[in-house]
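These protein sequences, in sequence, are chains X and B. When we follow the numbering used here, the leftmost residue of the first sequence carries the number 1, and every step to the right adds one. When we follow the numbering used here, the leftmost residue of the second sequence carries the number 1001, and every step to the right adds one. Ideal placement from N, C-alpha and C gives every residue a C-beta, glycine not left out. This report refers to the structure that appears directly beneath it.
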Amino acid sequence: NAGVTQTPKFRVLKTGQSMTLLCAQDMNHEYMYWYRQDPGMGLRLIHYSVGEGTTAKGEVPDGYNVSRLKKQNFLLGLESAAPSQTSVYFCASSYGDRVHEQYFGPGTRLTVT
Amino acid sequence: GQQVMQIPQYQHVQEGEDFTTYCNSSTTLSNIQWYKQRPGGHPVFLIQLVKSGEVKKQKRLTFQFGEAKKNSSLHITATQTTDVGTYFCAGTTSGSARQLTFGSGTQLTVLP
Chain X
1 NAGVTQTPKF
11 RVLKTGQSMT
21 LLCAQDMNHE
31 YMYWYRQDPG
41 MGLRLIHYSV
51 GEGTTAKGEV
61 PDGYNVSRLK
71 KQNFLLGLES
81 AAPSQTSVYF
91 CASSYGDRVH
101 EQYFGPGTRL
111 TVT
Chain B
1001 GQQVMQIPQY
1011 QHVQEGEDFT
1021 TYCNSSTTLS
1031 NIQWYKQRPG
1041 GHPVFLIQLV
1051 KSGEVKKQKR
1061 LTFQFGEAKK
1071 NSSLHITATQ
1081 TTDVGTYFCA
1091 GTTSGSARQL
1101 TFGSGTQLTV
1111 LP
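As structure tokens, then:
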């Protein structure tokens, strides 16, 4: 099993450009999450999903959109990238029904110039 | 909103010394999890604590959950170079049971 995979691993965008980050998991997990990690600030939750077709806002949702059309995939979109969105983005997944351990992907390093 | 604070932010120890990181929440937690992130890597789950006053051990690592369920600690005995990384605590509350709130982490450096 591959676990949680993320595409791409690295990306450089110019301000105003758009992009989509893809997360895929092969563990049949119900819950999926998108975090951003900035130096000294831990991981902050952007959006999450508790099942196919559902999404919800986390702590820092502004400037991002998500979709969960298939259970195994969770997409994070940036419609108009800003330098403040320069960060490392991690996707995670877990079993549903109460909090369980989260399995993280390898991350996507995004730079917005 | 819920805040989870971790101290210290950085810790340098000589190999063989002990290490402790502390986690404090502004609100009562339903449970707390600990993760380790190696340099350049992704967070990896270590353990989950649920009960008030709970203590769990994993080899040289000891995890505690406070009686009031608002604080937690991770203690490593006789550190090794393989312990290098950033340790995060993450908690949930009854009002946000589907979300983990992460602390800012403690970055551990072990000097050989």
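Neighbour flag for residue i against chain B, beta carbons, 8 Å
{"i": "E101/X", "result": "yes"}
{"i": "P61/X", "result": "no"}
{"i": "P8/X", "result": "no"}
{"i": "G105/X", "result": "yes"}
{"i": "G50/X", "result": "In the sequence as displayed, the identity of residue 50/X is Val instead of Gly. For V50/X, the answer is yes, since a Cβ of chain B falls inside 8 Å of its Cβ."}
Any chain X beta carbon closer than 8 Å to residue i
{"i": "P1043/B", "result": "yes"}
{"i": "F1102/B", "result": "yes"}
{"i": "Q1064/B", "result": "no"}
{"i": "Q1003/B", "result": "no"}
{"i": "G1016/B", "result": "no"}
{"i": "Q1048/B", "result": "yes"}
{"i": "Q1115/B", "result": "Residue 1115/B lies beyond the range of chain B shown here (1001 to 1112); nothing can be said about it."}
Close beta carbons around residue i, own chain, < 8 Å, minus the five adjacent residues each side
{"i": "G53/X", "result": "R68 and L69"}
Closest Cα partner of residue i within the set the options
{"i": "K1069/B", "options": "T1077/B, T1082/B, H1075/B and V1055/B", "result": "V1055/B"}
{"i": "K71/X", "options": "Q17/X, Q37/X and E30/X", "result": "E30/X"}
{"i": "D26/X", "options": "V112/X, Y95/X and L110/X", "result": "Y95/X"}
{"i": "S1030/B", "options": "T1086/B, G1053/B, R1060/B and T1077/B", "result": "G1053/B"}
{"i": "E1067/B", "options": "Q1011/B, Y1087/B, I1032/B and V1084/B", "result": "I1032/B"}
{"i": "Q1099/B", "options": "L45/X, S18/X and L13/X", "result": "L45/X"}
{"i": "V1110/B", "options": "C1023/B, G1085/B, P1008/B and Q1006/B", "result": "G1085/B"}
Buried or exposed (CB count within 10 angstroms, at least 16 for buried), residue i
{"i": "D1018/B", "result": "exposed"}
{"i": "S87/X", "result": "buried"}
{"i": "Q1064/B", "result": "buried"}
{"i": "D62/X", "result": "exposed"}
{"i": "Q6/X", "result": "buried"}
Within-8 Å CB hit, residue i to chain D
{"i": "Q1011/B", "result": "Here chain D cannot be found, since the structure's protein chains are X and B."}
Selection of the stretch 29–44 of chain X by Cβ proximity to chain B, strictly under 9 Å:
Those residues of the stretch 29–44 of chain X that come within reach of chain B (Cβ to Cβ, closer than 9 Å) are Y31, Y33, Y35, Q37, G40, M41, G42, L43 and R44.
Which of the residues in the stretch 1078–1098 of chain B, read from start to end, lie with their CB under 7 Å from any CB of chain X?
Result list: F1088, T1092, A1097 and R1098.
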